[in-house]
Every structure is written in C-alpha cells, then in structure tokens.
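Those letters in the sequence shown? Residues 2 to 103, by the numbering used here.
Backbone N, C-alpha and C fix where the C-beta goes; we use that ideal spot for every residue, glycine too.
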Amino acid sequence: GEFEVGVHIADVTAFVQHGSALDVEAAERGTTVYLVDRRIEMLPALLTSKLCSLRGGVERLAFSALFRMDRDANVLAVEFGRSVIASREALTYEQAQIRIDA
C-alpha cells in the first residue's frame, strides 16, 4: 500500500560560484521565464540546456524531495536532500500528458 514520489530539480551550485556576477544575476532573475515563443533563461543556456538539464539516461546533480505516500495520497514522510539522478527519459509536456492520460 505505500509508494514513493520523487520531485527533482537540477542542482547548478557545482557550476555557479556563490557571490559571483553570474550568481547575483541569477538571483535577481529568480527563475527561467517561459513565454509562448521563447524563454528568458535564469542562467546561460550552456548550463540550463547542457550541463545541468535533467536529460534521459544521464546522471545529474539534483535537489530532491522524496514523499512516501499511502494509496489515498496521504503523505507519510518527506525527505529533502542533494542527490544524483538519472532520468529514464526527457519528455516534452505533451509527451508527459499523453502518458498520464493513457
């Protein structure tokens, strides 16, 4: 009756020195902004699209939240921490939705 759900976000701290100009600029931007026809990156594309991006079959540094839940989706326990993950696949939002709907 229990299962674990992991939520992971790329850890860029190995590539961005604390207090550097890049770190300050990223903090001011706060996040990547997604528009209809483009996105405004929080960090340079080399980092966000290549070195840190959670890509299928490639190990990446991440910050993770692990939720242990019961069949009714009640959260029984939560753990937060740094991790190394290897996503099985890199899906577009459309591809993910198709799998959810199947």
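For leucine 23, the secondary structure class from DSSP, reduced to helix, strand or coil, is helix. Out of Arg39, Tyr94 and Leu62, the CA that lies nearest to the CA of leucine 48 is found in Leu62. Just measuring C-alpha positions, the residue of Glu90, Asp38, Pro45 and Val37 sitting nearest arginine 30 is Pro45.
Excluding the 5 residues flanking it on each side, cysteine 53 has same chain C-beta neighbours closer than 6 Å at Ala11 and Val13, in chain order. The DSSP assignment places no complete run of the alpha helix (DSSP H) inside the stretch 56-86 (cut-off: 4 residues).
The straight-line gap separating the alpha-carbon atoms of valine 79 and alanine 87 is approximately 21 Å.
The alpha carbon of glutamate 60 has as its nearest neighbour, out of Thr32, Val85 and Ala27, the alpha carbon of Val85.
The beta carbon of methionine 43 sits closer than 6 Å to the beta carbons of Ala27, Arg30, Thr32 and Thr33 from its chain, once the five residues preceding and following it are set aside; these are given in chain order.
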